[in-house]
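Per UniProt numbering, residue 1 is the first one in the sequence shown, and the count goes up by one each step. Ideal Cβ placement from N, Cα and C applies to all residues, glycine included.
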Amino acid sequence: MPRPESPLAALSSPTQAPHGWEGYGAGLLGILVFSLTLPMSRIAVAELDPLLVGLGRALAAAVPAGLLLWLTRSRLPRRDERKGIILAALGVIVGWPLTSTLAMQSVPAAHGAVVNGLLPLSTAAFAALGSGERPTRQFWAWAVAGAALVAAFALREGGGAFQAGDLWLLVSVALGGMGYAEGARVSRTLGGWRTICWALVFSAPFLVAPVAWMATQAPSPSPTVWAALAYLSFGSMFLGFFAWYRGLARGGIARVGQVQLLQPFLTVTAAALLFGEQVGPATLAFALAIIGVIAGGRAAAARGRR
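So this is what it looks like as structure tokens:
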């Protein structure tokens with residue numbers, strides 16, 4: 001009689017076959033977690049150096065990541081998987097957190113969230129370049145339309161001009177797209193949660209010295225900042241990627257990546273609920289338009305598969 005599979009063993013089994021709606025559900029769960037990242041970063045940089053916030057959260061998340069890999073006796077990544085893990089680490093462990101946190105010094109969280117709405121287009125581009133996906137022309141048209149809507153929203157909120165932090169945000173969009181696409185590609189064979197865990201563990205040795213030095217120079221943070229750092233470390237940098245990489249691997253990188261177009265508006269909604277910011281009719285109109293773009297992109301991708 002075969003032995004029943006333990007929960008830890010089940011957790012360590014990578015996903016193989018793509019399932020569209022499951023991928024969209026997991027992707028949306030990841031986006032819900034990520035939607036508070038910029039507001040929490042904004043809170044943290046009010047008292048701490050953005051370099052410490054951007055790199056320290058990755059080092060803190062590496063601790064439970066390494067523990068989970070040890071408890072599940074996870075295999076080492078194969079040679080063909082290591083390149084993707086390294087690129088994912090450069091993109092979403094170091095690059096995106098660092099550049100987006102730097103941007104939070106000069107632009108509001110809501111503005112940053114909207115500019116980061118370009119991430120789905122960046123993710124789809126890197127998926128087409130390195131992960132073997134070939135979205136249809138119709139899909140690209142929907143993706144560009146979504147990016148144009150996000151850009152229009154950013155310009156409207158910025159009074160018709162981009163702000164100083166937009167350069168950092170655009171760099172974060174490029175790095176984040178690369179990290180999402182490469183991590184999702186590795187997740188197809190390694191599993192979503194193991195991919196982010198190994199990316200964190202691979203990054204940790206390079207982060208210990210700079211984070212330790214900056215921590216000794218930093219003032220003692222307030223309880224609110226400690227709470228923001230905890231969310232950034234264990235939510236945005238760790239648990240959110242469990243769902244996000246699973247969704248990208250299960251439903252397709254370019255297709256599920258379109259769900260991230262909702263993130264700016266989820267962030268704005270969270271800002272309204274948690275910080276009392278006003279959400280006007282124009283924001284709701286843009287949100288509905290983006291939902292339409294996601295539906296159109298999914299339909300175009302489905303026709304391309306047929």
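Asked                                                                                                                                                         : Found
Quick check: V293 and G23, are their CB atoms within less than 8 angstroms of each other?                                                                     : no
Within this structure, are the beta carbons of L55 and V211 separated by less than 8 angstroms?                                                               : yes
To test your reading of the DSSP string, which unbroken alpha helix (DSSP H) runs of 4 or more residues are found completely within the segment 51-115?       : 79-88, 96-103 and 109-115
Determine the burial state of L149: buried for a count of at least 16 other Cβ atoms within 10 Å of its Cβ, exposed for fewer.                                : buried
Between A204 and the rest of its own chain, which residues show a CB-CB distance below 7 angstroms, the 5 nearest in sequence each way excluded?              : L59 and A62
Taking the continuous alpha helix (DSSP H) assigned at M237, which residues delimit it?                                                                       : Segment: none, M237 is in no alpha helix (DSSP H) and carries neither H nor E.
Look at the alpha carbon of S13 and the alpha carbon of V186, and state the distance between them as a whole number of angstroms.                             : Any reading at S13 is ruled out, since the residue's pLDDT is 42, under 50, leaving its predicted position unreliable.
What would DSSP say about G191, mapped onto helix, strand or coil?                                                                                            : coil
What is the residue span of the alpha helix (DSSP H) that S122 lies within?                                                                                   : L119 to G130
Do G84 and L261 have their CB atoms nearer than 8 angstroms?                                                                                                  : no
With a threshold of 16 other CB atoms inside 10 Å of the CB of L76, please say whether the residue is buried or exposed.                                      : exposed
Look up residue 312 in the DSSP assignment and say whether it is helix, strand or coil.                                                                       : Since the first residue shown for the chain is 1 and the last is 306, residue 312 is missing from the structure and cannot be characterised.
How long is the line joining the alpha carbons of W21 and G251, rounded to whole angstroms?                                                                   : 7 angstroms
With H, G and I counted as helix, E and B as strand and the rest as coil, what does DSSP make of A209?                                                        : helix
Can you tell me whether DSSP reads A218 as helix, strand or coil?                                                                                             : coil
Could you check the C-alpha separation between G27 and W244 for me, to the nearest Å?                                                                         : 5 angstroms
Quick check on L261: does DSSP put it in helix, strand or coil?                                                                                               : helix
Below 8 angstroms on the Cβ atoms is my contact criterion, and I expect V114 with P264 to pass it. Report the Cβ-Cβ distance as a whole number of Å.          : 4 angstroms
Residues in the same chain with beta-carbon distance under 7 angstroms from M214, minus the five sequence neighbours each way, listed in chain order, please. : D49, L51 and L52
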